[in-house]
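Below you'll find the structure, written out as structure tokens, and then a few comments.
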Amino acid sequence: MTAEAQPGWEARPDGAEAQPGWGARPDHAVDPLGALEWPAERLGDALEALATQGGLGPRAVAAPIPAAGHLRSADALGAWIDQAAAYLGVEAEPIAARYDEIGEALLRVAPALVWLRDGGAPRFLAVVGRRGRDLAALRADRSAARVPVEAIAGRICRPIEAQVLPEIERVLARAAVRPRRRGRARRALLDERLGPVIIDGIWSLRLPPGAPLARQAQAARIPRRLLGLLAAHAAAYTLWILVWMTVGRSILDDHLDEGWLVAGALLLATVVPLRQLMAWLSGLVAIDSSALVKQRLLSGALALDAEEVRSEGAGRFLGRVIESEAIEGLAMGGGVAAVASAFELAAAAAVLAQGAAGAIHALLLVAWAALVLALCVRFYRRRARWTAARLAMTHDLIERLVGHRTRLAQERHGRWHHGEDEALAQYLLRSRDIDRSQIEIGALMPRGWLIAGIAGLLPPFLAGTGSAGAYAVALGGVLLASRALQGLSGGLSSLASAAIAWEQVSTLFQAAARGGPPPPPLPPDAGRSPARARGGDAEARAVVLEGHELSFRHKGRARPAVVDVSVRIAAGDRLLLEGPSGGGKSTLSALLSGLRAPDAGLLLLNGLDRHMLGAAAWRRRVAAAPQFHENHVLAGTFAYNLLMGRRWPPRPDDLAEAEEICHELGLGELLGRMPGGLEQVVGETGWQLSHGERSRLYMARALLQGAEVVVLDESFAALDPETLERALRCVLRRARTLVVIAHP
Numbered sequence: 000m001t002a003e004a005q006p007g008w009e010a011r012p013d014g015a016e017a018q019p020g021w022g023a024r025p026d027h028a029v030d031p032l033g034a035l036e037w038p039a040e041r042l043g044d045a046l047e048a049l050a051t052q053g054g055l056g057p058r059a060v061a062a063p064i065p066a067a068g069h070l071r072s073a074d075a076l077g078a079w080i081d082q083a084a085a086y087l088g089v090e091a092e093p094i095a096a097r098y099d100e101i102g103e104a105l106l107r108v109a110p111a112l113v114w115l116r117d118g119g120a121p122r123f124l125a126v127v128g129r130r131g132r133d134l135a136a137l138r139a140d141r142s143a144a145r146v147p148v149e150a151i152a153g154r155i156c157r158p159i160e161a162q163v164l165p166e167i168e169r170v171l172a173r174a175a176v177r178p179r180r181r182g183r184a185r186r187a188l189l190d191e192r193l194g195p196v197i198i199d200g201i202w203s204l205r206l207p208p209g210a211p212l213a214r215q216a217q218a219a220r221i222p223r224r225l226l227g228l229l230a231a232h233a234a235a236y237t238l239w240i241l242v243w244m245t246v247g248r249s250i251l252d253d254h255l256d257e258g259w260l261v262a263g264a265l266l267l268a269t270v271v272p273l274r275q276l277m278a279w280l281s282g283l284v285a286i287d288s289s290a291l292v293k294q295r296l297l298s299g300a301l302a303l304d305a306e307e308v309r310s311e312g313a314g315r316f317l318g319r320v321i322e323s324e325a326i327e328g329l330a331m332g333g334g335v336a337a338v339a340s341a342f343e344l345a346a347a348a349a350v351l352a353q354g355a356a357g358a359i360h361a362l363l364l365v366a367w368a369a370l371v372l373a374l375c376v377r378f379y380r381r382r383a384r385w386t387a388a389r390l391a392m393t394h395d396l397i398e399r400l401v402g403h404r405t406r407l408a409q410e411r412h413g414r415w416h417h418g419e420d421e422a423l424a425q426y427l428l429r430s431r432d433i434d435r436s437q438i439e440i441g442a443l444m445p446r447g448w449l450i451a452g453i454a455g456l457l458p459p460f461l462a463g464t465g466s467a468g469a470y471a472v473a474l475g476g477v478l479l480a481s482r483a484l485q486g487l488s489g490g491l492s493s494l495a496s497a498a499i500a501w502e503q504v505s506t507l508f509q510a511a512a513r514g515g516p517p518p519p520p521l522p523p524d525a526g527r528s529p530a531r532a533r534g535g536d537a538e539a540r541a542v543v544l545e546g547h548e549l550s551f552r553h554k555g556r557a558r559p560a561v562v563d564v565s566v567r568i569a570a571g572d573r574l575l576l577e578g579p580s581g582g583g584k585s586t587l588s589a590l591l592s593g594l595r596a597p598d599a600g601l602l603l604l605n606g607l608d609r610h611m612l613g614a615a616a617w618r619r620r621v622a623a624a625p626q627f628h629e630n631h632v633l634a635g636t637f638a639y640n641l642l643m644g645r646r647w648p649p650r651p652d653d654l655a656e657a658e659e660i661c662h663e664l665g666l667g668e669l670l671g672r673m674p675g676g677l678e679q680v681v682g683e684t685g686w687q688l689s690h691g692e693r694s695r696l697y698m699a700r701a702l703l704q705g706a707e708v709v710v711l712d713e714s715f716a717a718l719d720p721e722t723l724e725r726a727l728r729c730v731l732r733r734a735r736t737l738v739v740i741a742h743p
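Going by numbering that gives the first Met the number 0, the sequence shown opens with residue 0, and the numbers climb by one from there.
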């Protein structure tokens with residue numbers, strides 16, 4: 000079932016009429032949602048029912064059950080829903096909308112889980128689809144009932160409306176607004192007061208980016224639309240042939256019959272809406288498929304191992320991004336064009352078989368199409384060599400740009416452009432080869448067929464066989480085949496280019512599906528250390544992080560960076576890890592923070608390993624500030640760079656805490672200099688930060704995550720003694736458990 004229409008919906012419950020104000024309704028009105036609410040203890044069942052009825056195909060596992068601790072706050076509930084959805088094999092995306100846009104937002108998010116917060120026990124709605132302005136909400140028996148979107152929006156907004164409604168009612172009474180106009184006035188005042196307020200508590204369910212691409216395409220209804228597109232194309236092409244037949248028969252018979260002309264005109268008019276349908280469906284397919292490709296590429300890029308990212312280099316990643324753009328346009332456009340052209344070729348062969356030359360003419364077309372396929376294979380090989388040369392040049396150019404200042408200062412002038420002429424010559428040679436292939440399959444073959452097709456009519460013409468109508472049919476088949484060959488050549492060349500691009504980006508696609516099924520959601524206190532014992536020593540405190548015989552070797556290196564290391568960190572510890580360069584300090588910090596997985600040994604966080612806790616939950620509990628070459632200032636506001644490890648968009652208390660930590664770290668002067676303060680855009684295209692300012696930004700980012708353990712890798716090396724002392728006091732005061740890595 001899709002999210003737009005659900006069969007078997009029941010009529011609206013009584014009392015579901017729209018009321019003035021989202022949540023404002025008379026006390027005697029019947030609540031239309033009462034029989035549709037899911038209690039908190041059945042929240043896991045609601046998620047499973049939504050995923051099943053929404054066509055997402057969840058895993059056949061027992062639905063998880065939330066504990067009381069998961070309902071204490073919105074953050075805890077959101078974390079549990081995220082973990083429970085992942086356990087079921089789907090993804091729960093939190094949705095936030097403005098008060099005056101909540102109704103339209105609800106119409107776009109199904110299947111979705113809606114949290115009803117009205118002061119009592121937490122209750123939930125399972126919205127599985129929509130029809131017009133009505134939503135389908137699941138009952139506990141998984142039957143669906145139609146409810147107006149206004150009723151659900153009113154229930155969501157009722158708590159915040161209750162805060163301002165008494166004042167609004169007093170204003171309306173004082174202004175002596177007529178009763179029949181009071182509803183509209185109340186609505187306007189509510190929109191004015193609460194319009195910008197952000198309302199959350201909605202989770203939209205969808206397939207995760209790592210799900211099989213066929214399932215994602217099925218959920219997005221791409222195959223159905225593709226079939227519709229091909230059917231519309233076949234119908235339009237068939238109608239064109241019928242138009243030629245009706246009009247051509249009248250002309251060849253030297254008798255313009257009015258009935259045949261009217262039939263041809265009607266057939267031609269029918270082609271117009273079919274062309275419009277084709278354009279609409281192709282646009283939908285292109286947009287939906289592009290969204291799937293981009294989403295999976297981004298997920299795969301984020302799932303790559305740190306060693307894979309480091310070994311690739313910036314240039315190769317840029318080349319992969321360029322090739323990913325080729326997949327979107329070339330694969331979809333080329334695939335549809337190739338299939339449509341194959342249908343046109345079959346139709347042209349059938350027409351040629353009815354012509355003057357008969358089956359021999361159709362066999363000539365088949366042989367010509369085989370020649371086109373052979374030339375496309377050669378084009379694929381040449382395109383692969385050209386792409387390899389182009390990506391190698393792109394990689395070299397990016398690496399040279401990154402190290403440009405170093406090369407200017409330290410490399411001999413005569414070697415600045417070493418190897419560039421040879422690479423350009425090789426690229427030029429490959430470009431000439433591919434240009435020749437494109438001319439052959441894009442221009443020569445379709446036009447050459449016109450000559451070959453007309454030449455195929457010479458035997459019956461010289462023999463004096465065949466009627467004028469048969470020759471006209473054959474000429475029409477030749478023209479149809481020329482058009483089909485032109486589309487086939489373009490479609491196959493696009494598919495070849497997309498196949499080559501796929502070889503470059505397949506790693507990202509495959510990385511999105513890494514990892515097995517996640518474990519079920521843990522109790523709210525699992526993985527969290529108990530409070531530190533007062534006045535006790537390290538043995539009396541709970542162990543937060545412990546590793547036993549950890550080993551790790553970087554890819555491509557014979558010598559391991561970490562060998563049989565055991566570590567034990569208790570709550571409240573302040574550890575300083577010193578050692579020479581290349582001794583494995585940074586690698587050990589990456590293991591502790593979850594950025595890398597050990598090759599051997601056991602690593603536990605509050606008694607749970609990484610698989611049981613989950614990589615994301617591990618990183619939330621162990622925050623790290625890596626060294627400069629592995630840490631970055633992203634192009635965005637200063638606030639975003641500070642709070643990227645917390646909820647976004649931030650709330651006022653988040654911004655206040657971020658500004659407070661900045662002042663403690665000595666960044667208050669920087670905030671005063673920047674015109675936008677926390678909202679100032681920083682990064683390569685924004686306000687430039689010094690080495691020391693970037694270092695303190697990274698420290699603040701780690702502290703603001705509120706993690707149990709904070710790992711700082713060479714974070715104080717760029718600070719002067721006075722700033723270092725100030726930053727160290729802040730870190731010692733803010734971090735619950737601290738690990739600092741530094742040179743002796």
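The beta carbon of each residue, even a glycine, is placed where N, CA and C say it ideally should be. Remember, predicted model here, so these are calculated numbers, not experimental data.
Practice task
Go ahead and label G578 buried or exposed: buried means 16 or more other beta carbons lie within 10 angstroms of its beta carbon, across all protein chains shown.
Solution key: What you label residue 578 is simply residue 579 of the sequence shown in a count that begins at 1. With fewer than 16 other Cβ atoms within 10 Å, it is exposed.
*asked:* Can you look up R429 in the DSSP assignment and give me helix, strand or coil?
replied: As a position in the sequence shown, residue 429 is number 430, starting the count at 1. In the structure shown, R429 sits in a helix (DSSP, three-state: H, G or I).
Report task. Find out if the Cβ-Cβ distance for the pair I660, L718 is shorter than 8 Å. Result -> Indexing the sequence shown from 1 puts residue 660 at position 661. Indexing the sequence shown from 1 puts residue 718 at position 719. Contact flag unset, no.
- Item | Extent of the continuous alpha helix (DSSP H) run through I286 | As a first step, residue 286 is located in the sequence shown; it is residue number 287 there, counting from the start. Residues 257-302.
* Asked: Taking the beta strand (DSSP E) that E577 falls in, what are its first and last residues?
  -> Counting from 1 along the sequence shown, the entry for residue 577 is found at position 578. 573-577 is the span of the beta strand (DSSP E), which, as asked, contains E577.
Practice prompt. With distances taken Cα to Cα, identify the nearest neighbour of V504 among L171, T245, L112, L297.
Written response: Locating residue 504 in the sequence shown gives position 505, counting from the first residue. When each option's Cα is compared against that of V504, the closest is L297.
Worksheet entry | Length at least 4, wholly inside the stretch 385-436: the alpha helix (DSSP H) runs in chain order | Counting whole runs of 4 or more residues, the stretch 385-436 contains the alpha helix (DSSP H) stretches 403-409.
*Roughly how many angstroms lie between the CA atoms of L456 and V270, to the nearest whole one?*
As a working note, residue 456 is residue 457 in the sequence shown. As a working note, residue 270 is residue 271 in the sequence shown. Cα-Cα distance, rounded: 31 Å.
Check: CA-CA distance, G88 and A144?
Finding: As a first step, residue 88 must be located in the sequence shown, where it is residue number 89. As a first step, residue 144 must be located in the sequence shown, where it is residue number 145. A straight-line Cα-Cα distance of about 26 Å links G88 and A144.
* Asked: Can you tell me where the alpha helix (DSSP H) with P720 in it begins and where it stops?
  -> As a first step, residue 720 must be located in the sequence shown, where it is residue number 721. Here the alpha helix (DSSP H) through P720 covers 720-733.
Closest to P110 by C-alpha separation, out of A218, D74, A34, L283, would be which residue?
Position 111 of the sequence shown holds residue 110. Considering only A218, D74, A34, L283, the residue with the shortest C-alpha distance to P110 is A218.
Margin query: Among H394, G463, A634, F378, whose alpha-carbon lies nearest the alpha-carbon of T684?
Written below: Working through the sequence shown from its first residue, we reach residue 684 at position 685. The alpha carbon of T684 has as its nearest neighbour, out of H394, G463, A634, F378, the alpha carbon of A634.
Here's a check: name, in chain order, each residue in its chain whose Cβ is nearer than 6 Å to the Cβ of V242, leaving out the five neighbours to either side.
As a first step, residue 242 is located in the sequence shown; it is residue number 243 there, counting from the start. Around V242: G263, L266, L267.
Segment limits, alpha helix (DSSP H) that includes G463 | In the sequence shown, residue 463 corresponds to position 464, counting from 1. In the DSSP assignment, G463 falls outside any alpha helix (DSSP H) and carries neither an H nor an E.
I need the DSSP call for R41, collapsed to helix, strand or coil.
If you number the sequence shown from 1, residue 41 lands on position 42. Looking at R41 - three-state DSSP - the assignment turns out to be helix.
**Q.** Alpha-carbon to alpha-carbon, M244 and V477
**A.** As a position in the sequence shown, residue 477 is number 478, starting the count at 1. As a position in the sequence shown, residue 244 is number 245, starting the count at 1. C-alpha separation (whole angstroms): 15 Å.
Note to self: With three or more beta-carbon pairs closer than 8 Å as the criterion, would you say the stretch 479-486 touches the stretch 43-52?
What the structure shows: At 8 Å Cβ cutoff, the stretches do not touch.
* **Exposed unless 16 or more other CB atoms sit within 10 angstroms - verdict on Q275** => Counted from its first residue, the sequence shown places residue 275 at position 276. Burial call: exposed.
For this session: Pick out the complete beta strand (DSSP E) segments inside the stretch 108-149, 3 residues or longer, and give them in chain order.
Result: Counting whole runs of 3 or more residues, the stretch 108-149 contains the beta strand (DSSP E) stretches 111-115, 122-130, 133-137, 143-147.
**Request:** With A599 as the anchor, note down where its beta strand (DSSP E) starts and where it stops.
**Result:** Translated into positions along the sequence shown, residue 599 becomes position 600. Judged by DSSP secondary structure, A599 falls within the beta strand (DSSP E) whose first and last residues are 599-604.
- prompt: Which of helix, strand or coil does DSSP assign to R205?
  reply: As a working note, residue 205 is residue 206 in the sequence shown. Of the three classes helix, strand and coil, the one that applies to R205 here is strand, per DSSP.
Next item on the list: Return the CA-CA distance between L423 and S289, expressed in angstroms with no decimal places.
Entry: As a working mapping, residue 423 is identified with position 424 in the sequence shown. As a working mapping, residue 289 is identified with position 290 in the sequence shown. Distance between the alpha carbons of L423 and S289 is about 33 Å.
Residue environment, A537, which counts as buried when at least 16 other CB atoms sit within 10 Å:
For the purposes of this step, residue 537 is taken as residue 538 along the sequence shown, with counting starting at 1. Note that A537 scores a pLDDT of 42, beneath 50, so its modelled location is shaky and nothing firm can be said.
query: So what does I197 bridge to, in DSSP terms?
result: Within the sequence shown, the letter at position 198 stands for residue 197. In the DSSP assignment, I197 forms a beta bridge with R97.
Going by Cα to Cα distance, which pick from A615, T464, A174, W367 is closest to G452?
-> The residue you call residue 452 lines up with position 453 of the sequence shown. Of the listed residues, the one whose Cα sits closest to G452 is W367.
Check your understanding: What residue from S281, G282, E322 has the CA that sits closest to K293's CA?
Key -> Here residue 293 is taken as the residue at index 294 of the sequence shown, counted from 1. Nearest to K293 by C-alpha distance, out of S281, G282, E322, is E322.
Return the chain-ordered list of same chain residues with a C-beta closer than 6 Å to the C-beta of L603, the five sequence neighbours on each side being excluded. Walking along the sequence shown from the start, residue 603 turns up at place 604. Only E545 meet the Cβ criterion.
- Task: List the residues that DSSP assigns as beta-bridge partners of H547.
- Result: Numbered from its first residue, the sequence shown carries residue 547 at position 548. Its beta-bridge partners are L601.
Which residue marks the beginning of the alpha helix (DSSP H) containing R750, and which one marks its end? Outside the displayed range of the chain (0 to 743) lies residue 750, so it cannot be described from this structure.
Point to revise | Those residues which DSSP pairs with W744 across a bridge | key: Because the chain is modelled from 0 through 743, residue 744 falls outside the range shown and cannot be assessed.
query: Rounded C-beta distance between L587 and V561? I'm assuming under 8 Å.
result: Numbered from 1 along the sequence shown, position 588 holds the residue referred to as residue 587. Numbered from 1 along the sequence shown, position 562 holds the residue referred to as residue 561. The pair is a contact, with the Cβ atoms about 6 Å apart (cut-off 8 Å).
6 Å Cβ shell around H417 - same chain, five flanking residues per side excluded: Taking the sequence shown and counting its residues from 1, one reaches residue 417 at position 418. Counting only Cβ-Cβ distances below 6 Å, and skipping sequence neighbours, we find nothing.
Span of the beta strand (DSSP E), counted from its first residue to its last, around L32
Looking up residue 32 in the sequence shown gives position 33. Per DSSP, L32 is not a residue of any beta strand (DSSP E), being assigned neither H nor E.
Contact between the stretch 393-411 and the stretch 424-441: three or more CB pairs below 8 Å? When Cβ pairs closer than 8 Å are counted between the two stretches, the stretch 393-411 is seen not to touch the stretch 424-441, the count staying below three.
Margin query: Short of 6 Å in beta carbon distance, which residues of its chain neighbour W385, apart from the five on each side in sequence? Order them along the chain.
Written below: Here residue 385 is taken as the residue at index 386 of the sequence shown, counted from 1. If we look at W385 and ignore the five residues flanking it on each side, its Cβ neighbours are R429, I433.
Identified DSSP bridge partners for L737: Taking the first residue of the sequence shown as 1, we reach residue 737 at position 738. When beta bridges are read from the DSSP output, L737 appears opposite R573, V709.
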